[in-house]
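K.L.:
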Amino acid sequence: MNLFKEQGVRDYAEAAAKIPVIDFGPYFAGAPGALDRVAAEARHACENIGFFYALGHGVPEELIDRAFVASRRFHALPLDEKLDLRLNENNIGYLPINASVQGASTVHKATRPNQNESFFISHDRGADHPDVIAGTPLRGRNQWPESLPEIREPMMAYFHALGAMCDRILPVFAAALEIPADFFARFFANEGHANLRFLHYPPQDPGEDNLFGQAPHTDNSFMTALARTDVPGLAVRLPSGEWFSPPVIPGTFLINLGNIMRRWSNDRFLSTPHGVLNDSGTDRYSIAYFHSPNPDAVIECLPSCVSADNPARYKPAVYRDLVLEFYRANYFHQQGHRSEAAALAAAAE
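Take the sequence shown: its letter number 101 is residue 1075 in my numbering, and every next letter is one higher.
#1: Could you check whether the stretch 1039-1052 touches the stretch 1121-1141, counting it as contact only if at least three pairs of C-beta atoms, one from each stretch, sit closer than 8 Å?
#2: Reducing DSSP to helix, strand and coil, say where leucine 1200 ends up.
#3: My parser needs the alpha helix (DSSP H) runs of 4 or more residues fully inside the stretch 1038-1094; what are they?
#4: Considering only residues of the same chain and omitting the five flanking positions on each side of leucine 1212, which have a CB-CB separation below 6 Å?
#5: For glutamate 1063, which of Pro1290, Leu1112, Phe1025 and Asn1088 has the nearest alpha-carbon?
#6: Would you mind working out which of Asn1194, Gly1030, Asp1179 and Thr1256 sits nearest asparagine 1304, comparing C-alpha positions?
#7: Between the C-alpha atoms of histidine 1103 and threonine 1226, what's the straight-line distance to the nearest angstrom?
#8: What number of angstroms, rounded off, separates the C-alpha of phenylalanine 1094 from the C-alpha of isoleucine 1143?
#9: Suppose you measure from the CA of serine 1092 to the CA of arginine 1011; what does that come to, to the nearest Å?
#10: Exposed or buried, which one is glycine 1234 when buried takes at least 16 other CB atoms within 10 Å?
#11: Within 8 Å, do at least three Cβ pairs link the stretch 1176-1191 to the stretch 1280-1299?
#12: Is it the case that the Cβ atoms of glycine 1249 and glutamine 1089 are separated by a distance below 9 Å?
#13: So what does serine 1214 bridge to, in DSSP terms?
#14: Would you mind sorting isoleucine 1273 into buried or exposed? The rule is 16 or more other CB atoms within 10 Å of its CB.
#15: Assuming glycine 1249 is part of the beta strand (DSSP E), what are its boundary residues?
#16: Excluding the 5 residues preceding and the 5 following aspartate 1098 in the sequence, name in chain order all residues of the same chain whose CB lies nearer than 7 Å to its CB.
#17: When we look at the beta-carbon of glutamine 1076 and count the other beta-carbons within 10 Å, is it buried (16 or more) or exposed?
#18: If we call anything under 9 Å between Cβ atoms a contact, is isoleucine 1261 one with alanine 1028?
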């Protein structure tokens, strides 16, 4: 029996009922008192559960559908064409199956490579962008397949829509943490570190030991917005330690916080462990958008989350250093990566 079922929730309906559905519509529309109301809901979710559904997010369903169509078209390309766009040092491009492991995870010991292929994009910088010319880490260019130029527009439209949505949510998290509503905005200015990951999980045998589409882990982002189809496979670990497969609720994104928000809030807000095992018998697709600060941002425990009885658990750190460390632990192509899983993958080639 796989981990997610072995340690699964005993009462699925009871667990599902505890996951908040937060309607951002009134707040986005500027309704009086809406920020305080939605911040209170977000505070409860982030302190006690670690994730929630975002309703009234303002992203058109047609735009989401077009992004999924573009993702399927990309993943249907011949493998050699996708490998021409292989993930680079900035983690932009194509990641094949058996090329990553959750080496940075503190919630599970991963010994085998992840069974998913992914296409990563970020800000669509031109060759004349100052950071591209300078070779600044984490500020590179997107890679696009020459045979499918038409996927660029729907993918970038989705990237911009999710970035705008997450920027609009930043004041909610600030208010939830009892700091000025505009506090986080400056940390995300000048092209914050954002990644859009188009994921494809082929069917897999659930009986194989310690083999996952994505092994249990926590994200390294500030926040993640996930769009899914109705093919199951995702599991999240509740504060009780039980694993739970959250249902798909039409018209919502599933939002979880990552390690950067946990660090900023001095562990007040949860960074939710999750993973994927696709035992559905069919292909599974999802799109994960990771919203994080500018690489130059210094992450320091917030004053509202620190006291004499609760001192800072983390030293101030530059976000670029944190994310590069995360990449080195997880991705085989990154310089300095060493893992049992990478050795297994190399031996199998």
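Yeah, the Cβ is synthetic: ideal placement off N, Cα and C, and Gly gets one too. All values derive from a computational prediction rather than experimental measurement.
P.N.:
By the coordinates alone:
#1: Three or more beta-carbon pairs drawn from the stretch 1039-1052 and the stretch 1121-1141 are found closer than 8 Å, and the two stretches are therefore classed as touching.
#2: Counting from one through the sequence shown, the residue named residue 1200 turns up at place 226. Reduced to three states, the DSSP call for leucine 1200 is strand.
#3: Listed in chain order, they are 1053-1057.
#4: In the sequence shown, the residue the question calls residue 1212 occupies position 238. The beta carbon of leucine 1212 is closer than 6 Å to those of Phe1218 in its chain, skipping five residues each way along the sequence.
#5: Numbered from 1 along the sequence shown, position 89 holds the residue referred to as residue 1063. Nearest C-alpha to glutamate 1063: Leu1112.
#6: Here residue 1304 refers to the residue found at position 330 when the sequence shown is read from its first residue. Per the Cα distances, Asn1194.
#7: One-based indexing of the sequence shown puts residue 1103 at position 129. One-based indexing of the sequence shown puts residue 1226 at position 252. Whole-angstrom Cα-Cα distance: 35 Å.
#8: Here residue 1094 corresponds to residue number 120 of the sequence shown, with the count starting at 1. Here residue 1143 corresponds to residue number 169 of the sequence shown, with the count starting at 1. Phenylalanine 1094 and isoleucine 1143 have their C-alpha atoms spaced approximately 23 Å apart.
#9: Sequence index remark: in the sequence shown, residue 1092 carries index 118 (1-based). Sequence index remark: in the sequence shown, residue 1011 carries index 37 (1-based). Those two C-alpha atoms are separated by around 37 Å.
#10: Looking up residue 1234 in the sequence shown gives position 260. Here the sequence assigns isoleucine to residue 1234, which means glycine is not the residue at that position. Residue environment analysis places isoleucine 1234 among the buried positions, since at least 16 neighbouring C-beta atoms fall within 10 angstroms of its C-beta.
#11: No: the two stretches stay apart, fewer than three of their Cβ pairs being nearer than 8 Å.
#12: To locate residue 1249, count along the sequence shown from 1; it is residue 275. To locate residue 1089, count along the sequence shown from 1; it is residue 115. The answer is no: Cβ separation not under 9 Å.
#13: Taking the first residue of the sequence shown as position 1, residue 1214 is located at position 240. In DSSP, serine 1214 forms no bridge with anything.
#14: Working through the sequence shown from its first residue, we reach residue 1273 at position 299. The residue is buried, with at least 16 neighbouring Cβ atoms inside 10 Å.
#15: Translated into the one-based positions of the sequence shown, residue 1249 becomes position 275. 1248-1250 is the span of the beta strand (DSSP E), which, as asked, contains glycine 1249.
#16: Residue numbering aside, residue 1098 sits at position 124 when the sequence shown is read from its first letter. Contacts found: Asn1116 and Met1130.
#17: In the sequence shown, residue 1076 corresponds to position 102, counting from 1. Its Cβ being crowded by 16 or more others within 10 Å, glutamine 1076 is buried.
#18: Reading the sequence shown from its first residue, position 287 is the one you call residue 1261. Reading the sequence shown from its first residue, position 54 is the one you call residue 1028. No, they are not a contact pair.
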